[in-house]
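Everything in the sequence shown is counted per the working numbering, starting at 7 for the first residue and increasing by one.
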Amino acid sequence: MHAFFYSPWLEPDVRARWQRHAEQVPWTHYLADPDWAEVERSGQGRTARRPFFFWGEQDGEVCLTALGVRRQLPIPGRSFWEFSKGPTFLDGEVFDHWLGWLDGVLAHDAARIRVAPPLPLDGGGDAVESTLERHGYVRHRLLGTWATLCIDLSLSEEALLASFRSSTRQEIRKCLRLGVAVQPEDTAEGQAILCDLQRAMRERAPVETASPDLLARISRCWLHGGSGGTVLIAREGNQPLAAALVIIYRERAHLRMLPSGRNPKASGKASGSHLLLWEAIRWARTRGCTLFDLGGYSLMARPEDPLWGVNFFKRGFAPTAEPEKVVAIHEKMFSPTIAASAHAVRRLHTAVLQRRAGGRRR
Numbered sequence: 007m008h009a010f011f012y013s014p015w016l017e018p019d020v021r022a023r024w025q026r027h028a029e030q031v032p033w034t035h036y037l038a039d040p041d042w043a044e045v046e047r048s049g050q051g052r053t054a055r056r057p058f059f060f061w062g063e064q065d066g067e068v069c070l071t072a073l074g075v076r077r078q079l080p081i082p083g084r085s086f087w088e089f090s091k092g093p094t095f096l097d098g099e100v101f102d103h104w105l106g107w108l109d110g111v112l113a114h115d116a117a118r119i120r121v122a123p124p125l126p127l128d129g130g131g132d133a134v135e136s137t138l139e140r141h142g143y144v145r146h147r148l149l150g151t152w153a154t155l156c157i158d159l160s161l162s163e164e165a166l167l168a169s170f171r172s173s174t175r176q177e178i179r180k181c182l183r184l185g186v187a188v189q190p191e192d193t194a195e196g197q198a199i200l201c202d203l204q205r206a207m208r209e210r211a212p213v214e215t216a217s218p219d220l221l222a223r224i225s226r227c228w229l230h231g232g233s234g235g236t237v238l239i240a241r242e243g244n245q246p247l248a249a250a251l252v253i254i255y256r257e258r259a260h261l262r263m264l265p266s267g268r269n270p271k272a273s274g275k276a277s278g279s280h281l282l283l284w285e286a287i288r289w290a291r292t293r294g295c296t297l298f299d300l301g302g303y304s305l306m307a308r309p310e311d312p313l314w315g316v317n318f319f320k321r322g323f324a325p326t327a328e329p330e331k332v333v334a335i336h337e338k339m340f341s342p343t344i345a346a347s348a349h350a351v352r353r354l355h356t357a358v359l360q361r362r363a364g365g366r367r368r
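Written out as structure tokens, the structure reads:
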């Protein structure tokens with residue numbers, strides 16, 4: 007018999023059993039780890055994001071875990087619930103029962119629930135997607151078309167470099183000739199540079215937002231001076247060219263952000279991104295990582311899309327790798343009108359902020 011629970015905190019005993027369960031699941035993701043909860047905790051009032059811990063038990067053992075984030079909407083008593091890269095489970099039947107239980111627990115509050123357990127499609131993920139559809143979840147039209155590329159770090163450094171596309175190796179050498187240098191800089195200055203470059207990158211491609219507060223929380227709660235990842239900055243002299251945020255979880259390094267401030271085709275100069283990613287890969291190898299996850303790889307990008315260029319860049323470092331396809335983001339709407347209104351408010355708020363930022367730059 008399964009029993010399910012949720013709470014805004016974890017008792018030490020539950021946390022220990024949670025971690026034992028997670029260690030048994032090969033596809034567990036850092037975004038579903040309880041230590042990531044404090045990264046998610048932010049804001050007040052209408053901007054509040056609050057993490058909650060969900061778990062299931064069977065015969066005294068934890069059999070499912072999930073880190074859920076409740077995002078308050080401008081409408082009192084209504085929220086969005088997000089389970090990024092979760093829940094984590096081994097038994098699809100447990101997941102089936104949990105989805106039914108979740109409806110009863112959250113339906114009074116949730117305008118939308120979004121889940122995305124990163125189970126490989128060829129390892130049971132197809133059945134999981136069928137379960138989601140049976141419970142009324144729908145694959146997200148845009149966010150449900152992503153995969154990832156991974157680089158095998160067990161190769162020697164020379165073999166790794168030789169495996170890259172020739173044009174990628176040329177860009178790395180070009181950066182070195184121009185004197186571009188890369189250093190880990192998980193400092194307030196490094197975080198500010200990463201934030202500024204990510205903001206500029208958002209004007210050219212649909213990348214995630216970054217704020218100084220978010221990066222400070224990631225540094226404080228997860229990076230821990232390099233054991234959980236780092237920020238790397240590529241500079242030409244004193245000029246920052248590009249930045250990277252690398253997250254380590256188990257033996258996998260995850261490329262979370264890689265913004266650059268220069269378009270090499272437009273400027274005729276090196277962007278620094280190729281050397282930066284190569285140095286990030288080398289850095290991850292020194293930390294014992296065996297895989298380097300290049301992050302989002304769009305399966306729907308077309309040559310006219312900005313994401314086509316992102317795909318092409320990443321392909322240069324993994325030209326023969328097969329994209330890893332996992333269960334797509336699925337969501338269930340309980341109040342479609344409220345969800346649409348909240349989305350419109352967020353878009354308007356983002357547009358206002360972008361106009362203000364543009365005015366300051368001019």
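Virtual Cβ for every residue (Gly too), placed ideally from N, Cα, C.
Nearest to residue i by alpha carbon, out of the options?
i    : options                   : result
S217 : A248, V121 and I199       : I199
S48  : E242, D41, A72 and R77    : R77
T94  : Q25, P309 and T215        : Q25
E330 : D192, T296, S266 and L127 : L127
D370 : A72, E139, Q50 and I81    : The structure shown does not extend to residue 370, since the chain is modelled only from 7 through 368, so no value can be given for it.
M207 : A249, T34 and F340        : A249
V237 : T215, G243 and A194       : A194
R56  : G62, P14, Q30 and P80     : P14
Q245 : M263, G231, H260 and G267 : G267
L203 : R241, H103 and G235       : R241
G278 : G131, F89 and G185        : G185
F11  : G110, Q30 and W61         : W61
M306 : R262, E214 and T151       : T151
A284 : F89, T137 and R175        : With the sequence shown as reference, residue 284 is identified as Trp, and Ala is not the correct amino acid for it. When each option's Cα is compared against that of W284, the closest is R175.
D132 : D109, A165 and G98        : G98
D311 : G243, V213 and V134       : V213
L261 : L282, L247 and A327       : L282
Y255 : F89, L247, F340 and R293  : R293
Does the Cβ-Cβ distance between residue i and residue j come in under 7 Å?
i    : j    : result
C156 : A276 : no
A38  : G74  : no
V332 : P32  : no
Q64  : H8   : yes
D192 : S225 : yes
R258 : V45  : no
K338 : Y143 : yes
I178 : H280 : yes
C69  : V100 : yes
L16  : F59  : yes
P80  : R52  : yes
L221 : Q197 : yes
R183 : G322 : no
Leaving out five residues on either side along the sequence, give the residues of the same chain with a beta carbon under 6 Å from the beta carbon of residue i.
i    : result
I287 : F298
A22  : none
L145 : Residue identity differs from the one stated: residue 145 is Arg in this sequence, not Leu. Same-chain partners within the cutoff: A334 and H336.
E67  : none
L264 : A250
H35  : K91 and P124
V358 : At V358, the pLDDT of 46 sits below 50, so the modelled position is not reliable; the number obtained from the coordinates is stated separately. For V358, where only same-chain residues beyond five positions count, there are no Cβ hits under 6 Å.
L138 : H336
Q50  : none
Sorted by chain position, which residues of the same chain lie with C-beta nearer than 8 Å to residue i's C-beta, five sequence neighbours on each side aside?
i    : result
A272 : Note that A272 has pLDDT 48, beneath the 50 cutoff, so the model's placement of it is unreliable and the number below is only indicative. Closer than 8 Å at Cβ, skipping near neighbours: no residue.
E163 : R288 and R291
G106 : H141
A363 : In this predicted model, A363 has a pLDDT of only 44, less than 50, meaning its place in the structure is not dependable enough to derive any value.
T296 : D158, L159, S160, E257 and R258
C227 : D41, W42, E44 and V45
G231 : D192
V134 : G98, F101, P123, L125 and V333
On the premise that residue j lies in contact with residue i, defined as a C-beta separation below 8 Å, what is that separation, rounded to the nearest angstrom?
i    : j    : result
V316 : A187 : Actually they do not touch by this definition, with Cβ atoms about 24 Å apart.
A324 : L300 : 7 Å
Q189 : I253 : With a Cβ gap of about 18 Å, Q189 and I253 do not count as contacting.
Y303 : A153 : 5 Å
S169 : L161 : 7 Å
By Cβ distance below 7 Å, which residues in the same chain neighbour residue i in space, the five residues on each side in sequence not counted?
i    : result
L112 : W87 and I119
W314 : A307 and R308
L229 : D192, G235 and T236
Q30  : L96
Below 6 Å, is the gap between the Cβ of residue i and the nearest heavy atom of the ligand MG?
i    : result
L108 : The model depicted lacks the ligand MG and carries no ligand whatsoever.
| Can you find at least 3 beta carbon pairs, one from the stretch 100 to 118 and one from the stretch 83 to 91, that sit closer than 8 Å? | At 8 Å Cβ cutoff, the stretches touch.
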